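Inspection log for the structure reproduced underneath, given as structure tokens.
Residue numbers (our numbering), protein chains in the order written: chain H, 633 to 940; chain S, 2 to 443.
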């Protein structure tokens, strides 16, 4: 191929077309650094965890026990209960965590000027507050004796209710706190996705006589598929890893109604009488569960390639 | 205007980040540097109250300030969760410090796991002979002395509001001594804004169940559950009454660690916490010193209550680079000078209790220890009856705590709950291979 340089009377320079082999070499050179980092901080610890989980390991002594740690963990009623709890967390919090931010993003999308900036800022503030502080705030709100919510109930003539004394209400309180913390983040994702949908689609639909609802169903939601998947994956990951909220708000109680796998693993890690091999076996099972959950999400949603 | 506001906001954020960046590590503020080539003993400890940290830093500072010191001590203080994580990482990477702190529940397990050394031959015999029998039993594992005990603090002490007692016509100098009295008084003390009593359901259950059961939750050789007694079932019935919501909250108002604050904040008239609560009153609510009474927790029949004795000790790590030096420093801090050790308990406002006979005598003769009525009550009514914290996995305690909550909050039948929990604990013993593994029974 010949290329004419601007204003040049010299012969056009012949540009060598890159071969597929050069592309491969370049690509592999570019992925080697992140692979090295992944190898050190992800793959090697994973290998060590897997191998140590097959042993009765206490740092200084190692005794091979095969799959015994896994069997013991699967028989442990608290560990099994924690998985049941985390499925409840995911099934309740995820739909709310996707639908409400999606609807709210629609409202913010059409705001302009100072109101839009203030809304986005106010929306995002809970996301930068740590889980520990959020726990303290909502413990105060849900407190039985002097909490804001019970005071409001009493003012309205109702009877105070101990939210943390009952499994279902304690679970819902934690879910609400988690939703409050992540609402702003999810809304901004949705807003970015909505702003990325070309206006021409809506114009064409309007010309064809589509109402607002049909435009939502046939244009907005399909175009937002990748954003929904992103929110779903982030939500699953965040929910499965939840620890600080149940730790601080209920310590996994009442009667293990709010304990999560990560909280259970954390408690076992802190107990000097428990083998580290057992703790690692629980961690590996948690990892497998998370990967499986995420893989199912990808399979169900089937992300699209870029619209462009 | 918008640009000025943006610039101002950016400056504020930058300043706040800078403040974090230049904040000094308080654990090394007082330490002069080590000389080149000098032996350095690494000492890791948990960060507690400020006065506690200051005592530890003073020990290191005084030692390191001596120009003829045989080695240098590098003290690192960190919060409890960080300590656990760092120790685990250090053990995994074989980079453990020379000296670590350990609570009495961990001492035996640490030694049996090979994490710590026997200090019997590393510390002079006189230091061991001076220990109280109870303190010595906490750190003895077989024939070994796996740590040197620092202090004792009973985990369950009853705190009560004398003014609230007077308000409802109760004698403020006569706190409840039996369960019946506890329930009766709590009902009288309950108002729309205050519960009669508050109680947690965590490690404090070691004390309550030991007292009710007459023994720990597992048999001595850890081969079977040991909870199915009439005393335990009576306690479960009491717990169910407490959690009914009539005179106590259905969930604890405060964690056991800070239980005294339920009374200090006037959220309850009676609460339970460790003896460290006395220190909390002195520091945070000095105006209420005369108002808050202290007593042993009540029992079913008025007999003595057996609180587990919490507390901390210092161990030498099994992979320490300088084990003898580490032991020498522990002896310097805790086993040698009576006055030096007594300073710690003076700084603690006598809310913690010494493990040495000579220090106890010194405190009574030379300080205000004998003048504090609350400390005298703890010393006379609680300390003689303390028992060691159990060393079995905490999950056993969790099963029992869940059983109590299930009976109280879910309405489970007592006999059914006990049978189910006993089966769960026995299954856990079989799964974890606990039978015969009690380090203090080997």
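Idealized CB from N, CA, C, for every residue including glycine. Computed from a predicted structure; not experimentally measured.
Option in the options with minimal Cα separation from residue i
i, options, result
"residue 203 of chain S", "H:847, H:886 and H:663", "H:886"
"residue 118 of chain S", "S:312, S:324, S:126 and S:376", "S:324"
"residue 903 of chain H", "S:7, S:80, S:409 and S:398", "S:398"
"residue 918 of chain H", "H:651, H:658 and H:705", "H:705"
"residue 93 of chain S", "H:924, H:931, H:912 and H:921", "H:912"
"residue 108 of chain S", "S:84, S:138, S:134 and S:5", "S:138"
"residue 159 of chain S", "S:233, S:201 and S:195", "S:201"
"residue 338 of chain S", "S:245, S:357, S:387 and S:428", "S:357"
"residue 770 of chain H", "H:748, H:804, H:743 and H:749", "H:804"
"residue 385 of chain S", "S:57, S:134, S:58 and S:53", "S:134"
"residue 810 of chain H", "H:789, H:775, H:880 and H:860", "H:880"
"residue 699 of chain H", "H:859, H:682, H:678 and H:832", "H:682"
"residue 299 of chain S", "S:348, S:293, S:112 and S:271", "S:271"
"residue 246 of chain S", "S:187, S:34 and S:394", "S:187"
"residue 116 of chain S", "S:8, S:97 and S:125", "S:97"
"residue 316 of chain S", "S:434, S:61 and S:149", "S:149"
"residue 909 of chain H", "H:666, H:692 and H:663", "H:692"
"residue 304 of chain S", "S:214, S:355, S:266 and S:140", "S:214"
Residue environment, residue i, which counts as buried when at least 16 other CB atoms sit within 10 Å
i, result
"residue 147 of chain S", "buried"
"residue 741 of chain H", "exposed"
"residue 610 of chain H", "In the structure displayed, chain H extends from 633 to 940; residue 610 of chain H sits before or after that span and is not available."
"residue 654 of chain H", "exposed"
"residue 28 of chain S", "For residue 28 of chain S, the predicted structure reports a pLDDT of 47, less than 50, and the residue's modelled location is therefore unreliable. A value from the coordinates is still provided. So residue 28 of chain S counts as buried."
"residue 15 of chain S", "exposed"
"residue 4 of chain S", "exposed"
"residue 326 of chain S", "buried"
"residue 121 of chain S", "exposed"
"residue 192 of chain S", "exposed"
"residue 673 of chain H", "exposed"
"residue 99 of chain S", "buried"
"residue 10 of chain S", "exposed"
"residue 884 of chain H", "buried"
"residue 102 of chain S", "buried"
"residue 2 of chain S", "exposed"
"residue 334 of chain S", "buried"
"residue 940 of chain H", "Confidence in residue 940 of chain H is poor, its pLDDT being 42 and thus under 50, which makes the residue's placement too unreliable to answer from."
Proximity below 8 Å, CB of residue i to CB of residue j
i, j, result
"residue 336 of chain S", "residue 128 of chain S", "yes"
"residue 328 of chain S", "residue 132 of chain S", "no"
"residue 746 of chain H", "residue 819 of chain H", "no"
"residue 738 of chain H", "residue 872 of chain H", "no"
"residue 251 of chain S", "residue 794 of chain H", "yes"
"residue 604 of chain H", "residue 834 of chain H", "Past the edges of chain H, shown from 633 to 940, lies residue 604 of chain H, and the structure says nothing about it."
"residue 689 of chain H", "residue 907 of chain H", "yes"
"residue 841 of chain H", "residue 757 of chain H", "no"
"residue 277 of chain S", "residue 372 of chain S", "no"
"residue 80 of chain S", "residue 47 of chain S", "yes"
"residue 209 of chain S", "residue 390 of chain S", "no"
"residue 223 of chain S", "residue 441 of chain S", "no"
"residue 343 of chain S", "residue 52 of chain S", "no"
"residue 292 of chain S", "residue 409 of chain S", "no"
"residue 279 of chain S", "residue 295 of chain S", "yes"
"residue 427 of chain S", "residue 225 of chain S", "yes"
"residue 784 of chain H", "residue 889 of chain H", "no"
"residue 1 of chain S", "residue 307 of chain S", "Outside the shown range of chain S, which is 2 to 443, sits residue 1 of chain S, and nothing can be said about it."
Supposed contact pair residue j and residue i - C-beta distance, whole angstroms, cut 8 Å
i, j, result
"residue 417 of chain S", "residue 228 of chain S", "Contact flag wrong, Cβ pair sits at about 14 Å."
"residue 708 of chain H", "residue 685 of chain H", "Rounded, the Cβ-Cβ distance is 15 Å, inconsistent with contact."
"residue 211 of chain S", "residue 309 of chain S", "7 Å"
"residue 104 of chain S", "residue 313 of chain S", "6 Å"
"residue 269 of chain S", "residue 197 of chain S", "7 Å"
"residue 199 of chain S", "residue 253 of chain S", "6 Å"
"residue 392 of chain S", "residue 110 of chain S", "6 Å"
"residue 163 of chain S", "residue 173 of chain S", "4 Å"
"residue 897 of chain H", "residue 915 of chain H", "6 Å"
"residue 144 of chain S", "residue 184 of chain S", "In fact, because the Cβ distance is near 47 Å, the residues do not count as touching under 8 Å."
CB contact check: residue i to chain B, cutoff 8 Å
i, result
"residue 906 of chain H", "Absent from the structure is chain B; the protein chains it does hold are H and S."
Distance cut-off 7 Å: residue i Cβ against heavy atoms of the ligand ATP
i, result
"residue 743 of chain H", "This structure simply doesn't include the ligand ATP, nor any ligand for that matter."
Next on the checklist: Going residue by residue through the stretch 767–830 of chain H, where are the continuous alpha helix (DSSP H) segments of at least 4 residues, counting only ones entirely within it?
Outcome noted: List check, alpha helix (DSSP H) in window: 780–787 and 799–827.
Next on the checklist: My parser needs the alpha helix (DSSP H) runs of 4 or more residues fully inside the stretch 317–391 of chain S; what are they?
Outcome noted: Runs found: 324–331, 339–348, 358–367 and 374–378.
Next on the checklist: Restricting to runs no shorter than 4 residues, where is the alpha helix (DSSP H) found entirely within the stretch 117–154 of chain S?
Outcome noted: As far as the stretch 117–154 of chain S is concerned, its whole alpha helix (DSSP H) runs of at least 4 residues are 126–130 and 134–140.
Next on the checklist: So within the stretch 671–745 of chain H, which uninterrupted alpha helix (DSSP H) runs reach at least 4 residues, ignoring any that extend past its ends?
Outcome noted: Listed in chain order, the complete alpha helix (DSSP H) runs (minimum 4 residues) inside the stretch 671–745 of chain H are 676–684, 700–707 and 709–741.
Item to check | Every unbroken beta strand (DSSP E) inside the stretch 28–74 of chain S [3 residues or more] | outcome: Taking only runs of at least 3 residues, the beta strand (DSSP E) segments lying wholly in the stretch 28–74 of chain S are 41–47.
Item to check | Segments of 3+ residues assigned as beta strand (DSSP E) that fall wholly inside the stretch 844–885 of chain H | outcome: Runs found: none.
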